[in-house]
Amino acid sequence: MVKAFIERMKRSLGVANEPDVDEVGDEYVELDVLGDTNDDGKKPKIIVRPFVINDFSDIKPVLDSMREGYTIGLINIKPLKNKDLVELKRAINKLKKTCDAIEGDIAGFGDDYLVIAPSFARIYRTKDTAQVKEE
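Structure representation (structure tokens):
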């Protein structure tokens, strides 16, 4: 009874010739929900990854991902900045030296974030944007 009502509504609206959802069958596109691999089974070419630096030792995963060459890192330095400025300068210098070694790019934005990019990417800068400098 409900199906007959729906069919009458379709005819009155002029959409009677469209296939029903149940009739379409297996015509669908499968999506990779996790997004960790491409169709060929390889890792994605570029990953944008956030990092939080609470301590100097927290830069190791950042350095490792930089050396792989496929990660653009967004680094929150606020916890370390609030904790110890000397350690913060040490961490930034280490990140800067690693960026230079891999011919990558590093820049600060805002007061609490750094961005790192591999060698194939450059960070856009305006005249108002200052580079991260070694202290």
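Oh and the sequence shown: position 1 is -18 in our numbering, straight run, nothing missing. Glycine included, C-beta positions come from ideal geometry on N, C-alpha and C.
Legend entry - Rounded separation between Glu116 and Thr79 - CA only: Its pLDDT being 49, under 50, Glu116 is placed unreliably by the model, and the measurement read from it follows with that caveat. Going from the Cα of Glu116 to the Cα of Thr79 covers about 15 angstroms.
Inset, instruction - Would you mind working out which of Asn63, Phe37, Leu76 sits nearest Ile53, comparing C-alpha positions? - result: The residue among Asn63, Phe37, Leu76 with its C-alpha nearest the C-alpha of Ile53 is Leu76.
Inset, instruction - Note the first and the last residue of the continuous alpha helix (DSSP H) segment covering Arg103. - result: Per DSSP, Arg103 belongs to no alpha helix (DSSP H) and is neither H nor E.
Inset, instruction - Taking Asn57 and Asp86 to be in contact with their CB atoms under 8 angstroms, please state how far apart those CB atoms are, rounded to whole angstroms. - result: Wrong, their Cβ atoms sit about 18 angstroms apart, outside the cutoff.
Inset, instruction - Please confirm if Phe32 has its CB atom under 8 angstroms from at least one CB of chain B. - result: As a matter of chain content, chain B is missing from the structure shown, which is built from one protein chain.
Inset, instruction - Between the Cα of Asn74 and those of Ala88, Pro31, Lys64, spot the shortest distance and give me the residue it belongs to. - result: Ala88
Inset, instruction - Quick one: give me the first and last residue of the beta strand (DSSP E) that Ile87 is part of. - result: 86 to 90
Legend entry - Through-space distance from Phe37 to Phe90, alpha-carbon basis: 20 angstroms
Inset, instruction - Inspect the beta-carbon positions of Lys62 and Leu69 and report whether they are closer than 8 angstroms. - result: For Lys62 and Leu69, yes; Cβs fall inside 8 angstroms.
Legend entry - Simplified DSSP assignment, three categories, for Thr52: strand
Legend entry - Straight-line gap, Thr107 to Phe101 (C-alpha atoms, nearest Å): Distance between the alpha carbons of Thr107 and Phe101: 20 angstroms.
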